[in-house]
Amino acid sequence: MTDAAPAPIPAFDAPEPETVSEAAAETPPAPPAAVDMAALLAARLCHDFISPASAIVSGLDLLEDPTAQDMREEAMSLIATSAKKLADLLQFSRVAFGASSQTEVFDVRALESLAKGVFAHVRAEMDWKIEPESLGRGPARALLNMAQIGAAALPMGGIAKIRAVQTDGQVVISIESEGTRPRLKPEVLAGLRGEPFGEGLSGQWIQGAYLHEMIKNAGGRLAVEVTETAVTLAATIPA
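Numbering (the numbering used here), first residue to last: 25 to 263.
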């Protein structure tokens, strides 16, 4: 915990088609069927997990190859790094996308540990300042998904400032990703707006769409702003 008070949710101007979205639009597009979202989420998670899992298999193959014994140290390093990444992603996804047993309230320190597991494998750094000591399941999921999207918005590196406050029965979350050439792919923006999947990678779209639907169904609001220097996600969601 820190004494510094988290920044309040940014007051964005009216949404523009290319930069800002509102989860509480007056006439939102019809959401995808639950079964379709489940299938796309499953595919997205398999895609995330298969890379480190395949790297572990490659490392084991090197260990078993009698002609590659000089690469044993490299193989062990590959296995260790990939196993850590896979474990971090599994633990993160269990809370961000799953039921996480019957847990209804999450300690913020545990959520910070899960977020650190994601940031440990990307170029972006994390600046975590969360005011509440615990969060309900809905705000916890929203926070983790927003943090992961904020990390992905900094492929060249930078810092993602993760903030949350609780007031009047609402949790206010903001993720400000600042760095070199921050960006969100068009399909991610479409998902965050609640728009149907069009072109691009469905695995990129589904997380934004899932986040949009989750916050909207909880009675909250979601906004995103993209500039040349930062990508900012902001949400309010009932505590």
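From the three backbone atoms N, C-alpha and C, an ideal C-beta is built for every residue, glycine too. Source: prediction; values computed, not measured.
The three-state reading of DSSP puts Asp131 in strand, counting E and B together. According to the DSSP assignment, Thr204 belongs to no alpha helix (DSSP H), since it is labelled neither H nor E. Beta-bridge annotation (DSSP): Glu249 is paired with Thr256.
Taken through DSSP and simplified to helix, strand or coil, Gly218 comes out as coil. The C-alpha of Ala144 is placed about 18 Å away from the C-alpha of Glu200. In its chain, beyond the 5 residues on either side, Val195 and Ile261 have a beta carbon closer than 6 Å to the beta carbon of Pro163. Leu167 sits away from Leu213, with the two beta carbons spaced by 8 Å or more. Glu155 is positioned such that its CB atom lies no closer than 8 Å to that of Gln115.
An exposed status is given to Ile74, since fewer than 16 other beta-carbon atoms sit within 10 Å of its beta-carbon.
By a beta-carbon distance limit of 8 Å, Gln231 contacts Ile173. Their separation comes to about 6 Å. Secondary structure of Val196 (DSSP, three-state): strand. Selection Ala263, Val129, Asn169 and Ala63 evaluated against Asp192 yields Ala263 as nearest (Cα-Cα).
Nearest neighbour of Tyr234 by Cα position, chosen from Ala111, Ala120 and Ala107, turns out to be Ala120.
For Arg161, the uninterrupted alpha helix (DSSP H) run begins and ends at Arg161 to Ala176, by DSSP. The Cβ neighbour count for Thr204, taken over all protein chains shown within 10 Å, is under 16; the residue is labelled exposed. The beta carbon of Glu149 sits closer than 6 Å to those of Ile183, all from its chain and outside the five residues before and after it, given in chain order.
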